[in-house]
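Chains as they are written, first to last, in the UniProt record's numbering: chain F, 1 to 187; chain U, 1 to 187.
Working notes, structure below.
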DNA sequence: CCACCGGTGTGATGTAGGTCACCGGATACT
DNA sequence: AGTATCCGGTGACCTACATCACACCGGTGG
C-alpha cells in the first residue's frame, strides 16, 4: 500500500527513496469498514485522505434530510471536506464508507510540514488542486447545460464500473434527480 | 496597477522588491474594451489572466446556441479556460469583457518558469487553486440542493454589487434559469 | 419459516421552471 | 428626429422532474 502511494505521487513528481520515506512519515495508514464515517457533519476534520482501496461518498444532508452526493471517492482519489479541513472549522459534509476502505491520512499540520520539507510535494498538490478544480467546473457546466438523462448517460460512459458498484439511489443523489426518475430513465 | 498585483500576491506570500520585480517580469499588462474576447471557443488559450479592473464573463455556448455562464471575473480574480490552458488544447469556453477591462497576462511557459524561479509563487497558486476548487464545490452543492429562487437570493446576498453591474439575462445564464423565470422571481 | 429491510420498479398526480409570443421603455447609432 | 437594438416584464401553455403511494424481490437474522 506504500508502493501504491509512491506510484501515485510519482505520476506527478519523481522522488528518491529518501524523499519518499520522508513523505511517508507524514502519513498514517488506516482501515475502515462499510458504513463507518471518516468525517461527520458538524465535527472537526482532522485529515485529508488518500484512498488506497475501497469506496466512499462525500455527502451533504439538507434540512429536509435529503442526501446530496458531491463525489464518490475511489482508489487513488484524495478526499475530505476541504473547506472545513483548511479552515479548521466543523464539517458541513460527511465522508462515509460504501465499502471496506483503506486510506492514508494526512493531518493539516503534517500537510504544511510536508510542503515545507519537500517543496516537490507542493507541486504535486498544486497539480491535484488544478485538476480538481477543472473537474468541478466541468460538473457545474454539466449541471447547467444537460438533462438528468444526459448526465446519467455521461456517467455511464465515464464511470461504468461505478454504476455497478453503487446502488441506484446513490447515483440519483449524485446526479441531482430523484430515485424514481433515475429508475425511469433506463427505458 | 503593478501595486495592485503586488498586494494581491502578498495577501498570500510576502515578497521582497527583487522577488516582485522578478515575478512582474513574467506578466504583461493589457487592456480590452467591452465586447472584446480574451478567449474564443475553439481557439488556443495563450494566457491566464489576473483582472486588475473591469468585468468579464466565462461562458459556454451549447449546441442550441444558449449561453451558460461559469463565472463572472471581477477585480482581483484569476480567470481563463484553465482546462484548455493547462492542456494546451482549443478552448471550450469564451472569456468576454462585459466592461472595459485591464488585466495581467501570464502565458503557460511563463507560469512554469515563474514557479521554478520563485517557489513561493507555487504556494500562491496552490492557495488560489484550493480556494477555487472549494468555491466550485460549493456551487455544485448549491445547484444540487436549491431552487432557482434560493440561488438568486444567495447571489443577491453574496454579490449585491454584481447584480447591479450585470443585466438580468446574464444573471439568469449564471444561475441556470431562463431570463423569464428570473424576471418572475422578484415577486 | 417468517419478519424485516434495502434496493428497485411503476402508476397517479403536482409543480417549478422552460418556451414562445408579445409589449414597452431606454439607449445608442446615423 | 427616427430607427434599431438591448433590456426587462408578463401571459399562455408545455414538459421534465418531484412527490406520494404501493408493490415486488432477494437477502439476513431471529
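Where a beta carbon is used, it is the ideal one built from N, C-alpha and C, also for glycine.
Just so it is clear, the structure is predicted and the values come from calculations on it, not from any experiment.
Residues that residue i contacts on chain U, provided the C-beta gap is smaller than 7 angstroms
i, result
"residue 68/F", "141, 144 and 145"
"residue 125/F", "126"
"residue 137/F", "70 and 136"
Residues bridged to residue i (per DSSP)
i, result
"residue 30/F", "103/F"
"residue 72/U", "57/U"
"residue 51/F", "103/F"
"residue 79/U", "49/U"
"residue 97/U", "56/U"
"residue 37/U", "96/U"
"residue 67/F", "61/F"
Chain-ordered neighbours of residue i on chain F, where CB pairs are closer than 8 angstroms
i, result
"residue 62/U", "145"
"residue 134/U", "82, 83 and 86"
"residue 176/U", "143 and 144"
Cβ distance (whole Å) where residue i is taken to contact residue j below 8 angstroms
i, j, result
"residue 95/F", "residue 22/F", "Incorrect: roughly 27 angstroms between the Cβ atoms, too far for contact."
"residue 117/F", "residue 43/F", "Going by Cβ atoms, the distance from residue 117/F to residue 43/F rounds to 29 angstroms, so no, they are not a contact pair."
"residue 27/F", "residue 106/F", "6 angstroms"
"residue 75/U", "residue 56/U", "Not really, about 11 angstroms apart at Cβ, beyond 8 angstroms."
"residue 158/U", "residue 142/U", "In fact, because the Cβ distance is near 10 angstroms, the residues do not count as touching under 8 angstroms."
"residue 84/F", "residue 137/U", "Not a contact, Cβ separation roughly 11 angstroms."
"residue 190/U", "residue 24/U", "With chain U running from 1 to 187 in the structure shown, residue 190/U is simply not present."
"residue 133/U", "residue 129/F", "6 angstroms"
"residue 140/F", "residue 179/U", "About 20 angstroms; that fails the 8 angstroms criterion."
"residue 104/F", "residue 126/U", "With 8 angstroms as the limit, residue 104/F and residue 126/U do not qualify as a contact, their Cβ atoms being about 20 angstroms apart."
Beta-carbon neighbours of residue i, restricted to chain U and to distances below 8 angstroms
i, result
"residue 119/F", "119 and 122"
Among the options, nearest to residue i - alpha-carbon criterion
i, options, result
"residue 62/F", "25/F, 47/F and 41/F", "41/F"
"residue 52/U", "70/U, 58/U, 65/U and 32/U", "32/U"
"residue 58/U", "82/U, 46/U and 30/U", "82/U"
"residue 162/U", "119/U, 72/U, 84/U and 1/U", "72/U"
"residue 88/F", "98/F, 121/F and 47/F", "47/F"
"residue 36/U", "144/U, 126/U and 98/U", "98/U"
"residue 102/U", "54/U, 122/U and 128/U", "54/U"
"residue 108/U", "17/U, 16/U, 49/U and 5/U", "49/U"
"residue 165/U", "34/U, 114/U and 120/U", "34/U"
"residue 144/U", "10/F, 1/F and 60/F", "60/F"
"residue 169/U", "11/U, 8/U and 66/U", "66/U"
"residue 30/U", "18/U, 100/U, 127/U and 64/U", "100/U"
"residue 112/F", "111/U, 113/U and 123/U", "123/U"
"residue 77/U", "186/U, 179/U, 8/U and 156/U", "8/U"
"residue 167/U", "69/U, 126/U and 16/U", "69/U"
"residue 119/F", "185/F, 20/F and 86/F", "20/F"
"residue 45/U", "181/U, 93/U, 5/U and 114/U", "93/U"
"residue 13/U", "186/U, 121/U and 114/U", "121/U"
"residue 181/U", "152/U, 156/U and 160/U", "152/U"
Within chain F, the residues that residue i reaches when beta carbons sit closer than 7 angstroms
i, result
"residue 89/U", "Those do not exist, as residue 89/U stays about 12 angstroms from chain F at its closest Cβ, beyond 7 angstroms."
"residue 129/U", "126, 129, 130 and 133"
Check: residue i C-beta below 7 angstroms from any heavy atom of the ligand FAD
i, result
"residue 166/U", "Of ligands this structure carries none, so the ligand FAD is not represented either."
- Task: Take every Cβ of the stretch 140-154 of chain F, pair it with every Cβ of the stretch 173-187 of chain F, and state whether three or more of those distances are shorter than 8 angstroms.
- Result: By the Cβ test, the stretch 140-154 of chain F is in contact with the stretch 173-187 of chain F, since at least three Cβ pairs between them sit closer than 8 angstroms.
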